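**Student:** Structure incoming, see below.
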Amino acid sequence: MLVVLILLPPSEGKTPPRSGRPVNPDALTQGALNPGRERVLDALVALCADPDRDRAREVLGLSPGQDEELDRNARLRTAPAQPAAKIYTGVLYDALDLGNLPGPARARARRSVLVFSGLWGAIRMDDRIPAYRCAIGVNLPGVGGLAAYWRGLLDPVLTETAGGGPVLDLRSSGYAAMWRPTGRLAERTVTVRVLHEQVVDGEVRRSVVSHFNKASKGRLVRDLLLAGAAPRSAGKLVEALRDLKYTVEEQPVVAGRPRQLDLVVIEL
157 MLVVLILLPP SEGKTPPRSG RPVNPDALTQ GALNPGRERV LDALVALCAD PDRDRAREVL
217 GLSPGQDEEL DRNARLRTAP AQPAAKIYTG VLYDALDLGN LPGPARARAR RSVLVFSGLW
277 GAIRMDDRIP AYRCAIGVNL PGVGGLAAYW RGLLDPVLTE TAGGGPVLDL RSSGYAAMWR
337 PTGRLAERTV TVRVLHEQVV DGEVRRSVVS HFNKASKGRL VRDLLLAGAA PRSAGKLVEA
397 LRDLKYTVEE QPVVAGRPRQ LDLVVIEL
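Residue numbers (the working numbering): 157 to 424.
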């Protein structure tokens, strides 16, 4: 059965679980990524376990007041793990509210949603992981820039994962750089930009606002999951969004490139 593959960024904020077995990288989905995951995991743990904390702070972009993040990273192999759906927090994931979806919608989320990560590459919402700190912009010693590192590893895996169905790409720019669909798959891909529309001094103005962007994307995914939408093409995916009463404006279609949508939001 064709499903919409929904690509999401992770959240910067994560909820550390209080209990649970440690992560087992071999049990994560997209198993072909495991050698790459192990390399990043080893490098991140070694960096944060080193007594030279200034170096780790500089690499990860942290302040001395965030040393608990270094402690957490140093213990990643032994720390409690829980499904990613419980780890990721923040505006997008609060709006998505996976924990309160009914059973059928949660099952659709397990099949459709793929979260990109500087540490794990790409994971499903029911993959069990610990809380971690490793943004995609990090240049990790022994690994290098993470977006470039993952790009070569992800392409064959995710091209196969996408199958013949449409792709809804809601990632931020840093995570989008990890993998860009090409060829026919690109033509089945829909990207979304959220624009906040408001009237200022009698003039209609549109702007990109981070909070609106994240919350709107979370609600959009939730509505698609609740509706059980199963579009079989990029065009049908656009129709499904309009059927859900979203105001979307499509940019001119270019052969070999993803369809680009503007999602116009008036109220949060």
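Where is the CB? At the ideal position from N, CA and C, for every residue including glycine.
Note that this is a predicted model, so its numbers are computed, not measured.
Near Ala241, which residues of its chain fall below 6 angstroms by C-beta distance, leaving aside the five closest residues on each side in sequence?
**Tutor:** The residues are Leu254, Met281.
**Student:** Which whole-angstrom value is the C-beta distance of Leu309 and Gly384, which I expect to be below 8 angstroms?
**Tutor:** That belief does not hold up - the Cβ atoms of Leu309 and Gly384 are roughly 32 angstroms apart, past 8 angstroms.
**Student:** Would Val201 and Asn180 qualify as a contact pair, given that the criterion is a beta-carbon distance under 8 angstroms?
**Tutor:** No, the Cβ-Cβ distance between Val201 and Asn180 is not below 8 angstroms.
**Student:** Would Val323 be called buried (16 or more neighbouring beta carbons within 10 Å of its own) or exposed?
**Tutor:** Looking at its Cβ environment, which holds 16 or more other Cβ atoms inside 10 Å, Val323 is buried.
**Student:** Expressed to the nearest angstrom, what Euclidean distance is found between the alpha-carbon atoms of Phe272 and Leu314?
**Tutor:** In a straight line, the C-alpha of Phe272 is about 11 angstroms away from that of Leu314.
**Student:** Express the C-alpha separation of Gln416 and Val350 in angstroms, rounding to a whole number.
**Tutor:** Cα-Cα distance, rounded: 11 angstroms.
**Student:** List the endpoints of the continuous beta strand (DSSP E) containing Asp325.
**Tutor:** Here the beta strand (DSSP E) through Asp325 covers 323-325.
**Student:** Consult DSSP for Asp253 and reduce its assignment to one of helix, strand or coil.
**Tutor:** Here Asp253 sits in coil by DSSP.
**Student:** Applying the 10 Å Cβ sphere with the 16-neighbour rule, what's the burial state of Ser219?
**Tutor:** Label assigned to Ser219: exposed.
**Student:** Go ahead and pull the three-state DSSP assignment for Ala230.
**Tutor:** Residue state, collapsed to three classes: helix.
**Student:** Using only alpha-carbon positions, find the residue among Ala205, Thr347, Asp210 that is nearest to Lys373.
**Tutor:** The candidate whose alpha carbon is nearest that of Lys373 is Thr347.
**Student:** Taking only the alpha-carbon atoms, compute the straight-line gap between Gly300 and Ala199 and give it to the nearest angstrom.
**Tutor:** Near 10 angstroms, if we compare the C-alpha coordinates of Ala199 and Gly300.
**Student:** Can you grab the Cα-Cα spacing for the pair Ala304 / Thr185, in whole Å?
**Tutor:** One C-alpha to the other measures close to 21 angstroms.
**Student:** Give a yes or no on contact between the segment 356-365 and the segment 230-240, applying the rule of three or more CB pairs nearer than 8 angstroms.
**Tutor:** Short answer: they don't touch.
**Student:** Output the distance between the C-alpha atoms of Glu168 and Ile292, rounded to the nearest integer angstrom.
**Tutor:** C-alpha separation (whole angstroms): 10 angstroms.
**Student:** When DSSP builds the beta bridges, which residues end up paired with Ser273?
**Tutor:** DSSP lists Gly277 as partners of Ser273.
**Student:** Per DSSP, what kind of secondary structure is Pro165 in: helix, strand or coil?
**Tutor:** In this structure, Pro165 counts as coil in the three-state DSSP scheme.
**Student:** Going by other Cβ atoms of all chains shown within 10 Å of its Cβ, with 16 needed for buried, is Ser363 buried or exposed?
**Tutor:** Flag for Ser363 reads exposed.
**Student:** Please identify the residue among Glu405, Leu380, Gly412 whose C-alpha is closest to the C-alpha of Ala263.
**Tutor:** Closest option to Ala263, Cα to Cα, is Leu380.
**Student:** Closest to Pro297 by C-alpha separation, out of Leu189, Lys370, Ala251, Leu203, would be which residue?
**Tutor:** Per the Cα distances, Leu203.
**Student:** Is it the case that the Cβ atoms of Gly321 and Arg388 are separated by a distance below 8 angstroms?
**Tutor:** Against a cut-off of 8 angstroms, the Cβ pair of Arg388 and Gly321 comes out as a contact.
**Student:** Asn190 by DSSP, collapsed to three states: which one?
**Tutor:** Helix at Asn190.
**Student:** With a Cβ-Cβ cutoff of 8 angstroms, do Asp325 and Thr345 count as a contact?
**Tutor:** Taking 8 angstroms as the Cβ cut-off, Asp325 and Thr345 qualify as a contacting pair.
**Student:** Around the C-beta of Asn295, are 16 or more other C-beta atoms found within 10 angstroms, so that it is buried, or is it exposed?
**Tutor:** Counting Cβ neighbours within 10 Å, Asn295 comes out exposed, since fewer than 16 surround it.
**Student:** According to DSSP, is Ile285 part of a helix, a strand, or is it coil?
**Tutor:** It is a strand residue.
**Student:** What's the call for Ala371, buried or exposed, on a 16-neighbour Cβ count within 10 Å?
**Tutor:** By the neighbour-count rule (16 or more Cβ atoms within 10 Å), Ala371 is buried.
**Student:** Considering only C-alpha positions, which residue in the set Pro239, Ser268, Glu194, Arg177 is nearest to Ala318?
**Tutor:** Taking only the C-alpha atoms, the option nearest Ala318 is Ser268.
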